[in-house]
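Notes follow the structure.
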Amino acid sequence: MWSISGEWIGFEKMVIVDRYASHRHNPIANEWNKMSLPIFEELPSPPPPFFAPYRQNLLQNLHLSVSTARGRVGKALNDVPKIVYFDRQETSRKLSDEDNDGILGVLRDLEKDGKAHVGVPHLSEMGFKNQVKAVKDADIIIGIHGNGLTDQMWMPEGGMVIELFIPDAFLRDYQVLSQALGHRHIAIWNDRILPPSEWKDIDGQMNPTLMHDGTLIPVSKIERLIQSYNIRHGTSEINLL
Numbered sequence: 001m002w003s004i005s006g007e008w009i010g011f012e013k014m015v016i017v018d019r020y021a022s023h024r025h026n027p028i029a030n031e032w033n034k035m036s037l038p039i040f041e042e043l044p045s046p047p048p049p050f051f052a053p054y055r056q057n058l059l060q061n062l063h064l065s066v067s068t069a070r071g072r073v074g075k076a077l078n079d080v081p082k083i084v085y086f087d088r089q090e091t092s093r094k095l096s097d098e099d100n101d102g103i104l105g106v107l108r109d110l111e112k113d114g115k116a117h118v119g120v121p122h123l124s125e126m127g128f129k130n131q132v133k134a135v136k137d138a139d140i141i142i143g144i145h146g147n148g149l150t151d152q153m154w155m156p157e158g159g160m161v162i163e164l165f166i167p168d169a170f171l172r173d174y175q176v177l178s179q180a181l182g183h184r185h186i187a188i189w190n191d192r193i194l195p196p197s198e199w200k201d202i203d204g205q206m207n208p209t210l211m212h213d214g215t216l217i218p219v220s221k222i223e224r225l226i227q228s229y230n231i232r233h234g235t236s237e238i239n240l241l
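Heads up, the sequence shown is in full-length UniProt numbering, so the first residue is 1 and it goes up one at a time.
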């Protein structure tokens, strides 16, 4: 394989996957439009930290410090947990200004009270290195359904991903990634949590076009949902009440 630097890279083994064949022979892959889903469904919970070496190598190559591993799922990396909120207000898929201001206000209060460190990156305005830097030591990532949630790859295993959806729409794109990486994924419909017991009964993707029509995402009580996290400074345990 040829690289940008002009050098050739040799692989001992390469697997070429036919997406159509995968969907044809795996009903769950076809339903959710995710050909790797049948594999991830077989992983133990939590899965082994298979991606950690790749993430650590990337951080080293970018000359960024490598965060220590968590003791267990949901445990903060440091004494004060870090929450990262992906602000998408400059895009067509966004919250109302009121709801966005409400989220930012709650996060500022948590930081002011010493209960959390907060980051609010605008990913569309950032280069790759700065995106990685923004989440490499995160404990919780909050964001609207969208490509930015792929950056959860750079958060150490065992974190939490809070994904905001338009009510009556649900896709497993980033839930699958959370599952594979050992993160806890929480789907939000407006002012309530959509538990796996509900979306697992859905026959495939749920109203995916709603996520691409420019509709504002109503999250009238997301502030209360954020505040419902018990972030204890002493033990840094992050539990959903």
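Note that the Cβ used here is the ideal one computed from N, Cα and C, for glycine as well.
- In this structure, the CA atom of residue 186 is about 8 Å from the CA atom of residue 160.
- If only uninterrupted beta strand (DSSP E) runs of at least 3 residues are considered, those enclosed by the segment 80-156 are 82-85, 117-119 and 140-144.
- Around residue 82, the same chain offers 76, 116, 117, 118, 119, 137, 138, 139 and 140 as residues with beta carbons nearer than 8 Å, after the five sequence neighbours per side are excluded.
- In the DSSP secondary-structure assignment, residue 165 is bridged to 189.
- The residue from 7, 90 and 23 with its alpha-carbon nearest to that of residue 38 is 23.
- Assigned with DSSP and collapsed to three states, residue 62 falls in coil, not helix or strand.
- With a cut-off of 8 Å on Cβ pairs, the segment 176-183 is in contact with the segment 37-52, counting three or more such pairs.
- Residue 171 is not a Cβ neighbour of residue 96, given a cutoff of 9 Å.
- In this structure the segment 92-106 does not touch the segment 123-137; the number of beta carbon pairs closer than 8 Å is below three.
- In this structure, the straight-line span from the alpha carbon of residue 70 to that of residue 202 is close to 33 Å.
- Judged by beta-carbon spacing, residue 176 lies within the 9 Å limit of residue 36, meaning their Cβ atoms are closer than that value.
- Beta-bridge pairing by DSSP links residue 184 to 160.
- The C-beta of residue 89 has fewer than 16 other C-beta atoms within 10 Å across all chains shown, which makes the residue exposed.
- Distances from the CA of residue 18 to each of 9, 190, 4 and 29 were compared; the closest alpha carbon is that of 29.
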